[in-house]
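Protein chains in written order, with our numbering: chain A, 1 to 135; chain B, 1 to 387.
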């Protein structure tokens, strides 16, 4: 079971996205990569950077990277580990999360708001990855 | 954690007199030509002038206001330099007023950049009063702004909590002249707000009471207001109900019926309230199969429940259809006069556009592409959703 956050986990997410017809259709015009920054909190004491490449309904690559500058990404979403866990487990809806600053987005929000279904499908695919949170 | 935002609300017969107490120098009234002809803009001007405020009119707002119209309104505001912007009318002038105000304060923004994730820094130049003349869109109390991108034939859901009005004047006398069809369309819009605000995944304890209370008022009073527009008691209760529903769904969210209704409106120009209320029962039936809970609860609270679970949720759908028929409104897209061939020709685009409407993310049962396609077709034919 992939540990979150890890190279294995983000690659598994990438794989789930590539298998999702619903994601493919909802993001068929999408261009823009993401870095998810997992910040330390009481449940996790490091900072991790997960790169997710997204292009025209597919995820061409994904990896754990050293820093948010290691790969070019149009969007960077940062949040403490516990908030990422809540998103993955379906307890925190990501758009509400961004509206309440539980997730901080750097990037063109206008562009993301044009693809709410694609954003929802990414979260749905996160939920399909059996995840070890280190409990 | 979530938020509840509201303007100061002055409600009831005579609420318009509150404008006599406004302090300022210059007001831009954003409205439509019909309301000017009906004399409603004059009434607002008289009160503002009594307060010593110079008034100017921008009456070019069309139904489903476009980005282009908003830009013209911004130019007018820049010429006039108001310290009050007054949105007078249905949802279209009020939403246009919100957008004009934001862009007057922030000319650096593209309209599409008015979103809930940024700090706008408003109220440096002007403040906003909203005055509804329909019962209604609830736009007088929401921070949402719906504009139409006429190039892409697509509705754009914009808005920021900061752009909620400073004052909402909810005076039923301004809605008393609505003809029956408009009364029905806007009343059903308010009902859809109440139902979706209660049942969407973003529902909250703080908004539930507003949604239930407003739904109850609408079920009781809409038929009366449609049958007899001079029934001022019914008019007042509808006007208040629409504002309550606006507070309810505006601080929760709308849902699938609105995502579908926006698309029908943008593509075939079906009036908003008529469109969303056509789809509402079908979306309830669709949800009822897997997630009936909140719909069943609401049916119970509104005394229209038969049975439990899915059966109760479906009784809510039927109650809404009964209300539509009672007020003379269609319960299928075909009844609106939209022809089948163009509807089917646009179906793929409509499904895509509905999926890219932010309201869809709060559906309790998220449809797949195929399911949404079927839902559009069932709603066209008037065939209950049973899948």
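The beta-carbon is built from N, C-alpha and C at its ideal position, and this holds for glycine as well.
These numbers come from a predicted model, not from an experiment.
Residue-chain proximity (residue i, chain A), Cβ-Cβ < 7 Å
i              : result
residue 350(B) : no
residue 437(B) : Nothing about residue 437(B) can be reported from this structure: the residues present for chain B run from 1 to 387 only.
residue 145(B) : no
residue 112(B) : yes
residue 361(B) : yes
Cβ pair residue i, residue j closer than 7 Å
i              : j              : result
residue 312(B) : residue 283(B) : no
residue 31(B)  : residue 89(B)  : yes
residue 16(B)  : residue 51(B)  : no
residue 286(B) : residue 225(B) : no
residue 281(B) : residue 147(B) : no
residue 194(B) : residue 254(B) : no
residue 105(A) : residue 59(A)  : no
residue 288(B) : residue 314(B) : yes
residue 130(B) : residue 165(B) : yes
residue 82(A)  : residue 135(A) : no
residue 135(B) : residue 239(B) : yes
residue 93(A)  : residue 26(A)  : no
residue 139(B) : residue 205(B) : no
residue 26(B)  : residue 83(B)  : yes
residue 259(B) : residue 348(B) : no
residue 32(A)  : residue 89(A)  : no
residue 4(B)   : residue 251(B) : yes
residue 221(B) : residue 234(B) : yes
residue 163(B) : residue 72(B)  : no
residue 266(B) : residue 340(B) : no
residue 100(B) : residue 70(B)  : yes
residue 144(B) : residue 104(B) : no
residue 2(A)   : residue 38(A)  : no
residue 48(B)  : residue 19(B)  : yes
residue 172(B) : residue 13(B)  : yes
residue 355(B) : residue 117(A) : yes
According to DSSP, residues forming a beta bridge with residue i
i              : result
residue 35(B)  : DSSP, once it has assigned bridges, lists no residue as partnering residue 35(B).
residue 148(B) : 66(B), 155(B)
residue 343(B) : Paired residues: none, contrary to the question.
residue 104(A) : 78(A)
residue 56(B)  : 28(B)
residue 3(A)   : 132(A)
residue 15(B)  : Looking at the DSSP assignment, residue 15(B) forms no beta bridge with any residue, so it has no partner.
residue 86(B)  : 29(B), 129(B)
residue 31(A)  : 55(A)
Segment limits, alpha helix (DSSP H) that includes residue i
i              : result
residue 84(A)  : 81-88
residue 385(B) : Where residue 385(B) is concerned, there is no enclosing alpha helix (DSSP H), given that its DSSP letter is neither H nor E.
residue 48(B)  : 40-50
residue 156(B) : Looking at the DSSP string, residue 156(B) is not in any alpha helix (DSSP H); the run it does join, the beta strand (DSSP E), is 154-159.
residue 239(B) : 232-250
residue 279(B) : 272-288
residue 104(B) : 91-105
residue 123(A) : 116-128
residue 218(B) : 205-227
residue 51(A)  : Careful: residue 51(A) lies outside any alpha helix (DSSP H), inside the beta strand (DSSP E) at 48-52.
residue 366(B) : Note, residue 366(B): premise wrong, no alpha helix (DSSP H); not H, not E.
residue 98(A)  : 94-99
residue 4(B)   : From DSSP, residue 4(B) is part of no alpha helix (DSSP H); its letter is neither H nor E.
Neighbour flag for residue i against chain B, beta carbons, 7 Å
i              : result
residue 117(A) : yes
residue 110(A) : yes
residue 113(A) : yes
Neighbouring residues, chain B, relative to residue i (Cβ below 9 Å)
i              : result
residue 26(A)  : 352, 355, 356, 369
residue 100(A) : 1, 2, 3
residue 105(A) : 117
Under 7 Å from the C-beta of residue i: neighbouring residues of chain B
i             : result
residue 20(A) : Those within 7 Å of residue 20(A) in chain B number zero; the least Cβ separation is about 11 Å.
Partner residues on chain A for residue i, Cβ-Cβ distance less than 9 Å
i              : result
residue 202(B) : 93, 96
Beta strand (DSSP E) segment containing residue i, residue limits
i              : result
residue 132(B) : 127-132
residue 11(B)  : 8-11
residue 35(A)  : 34-39
residue 63(A)  : 62-65
residue 168(B) : 167-170
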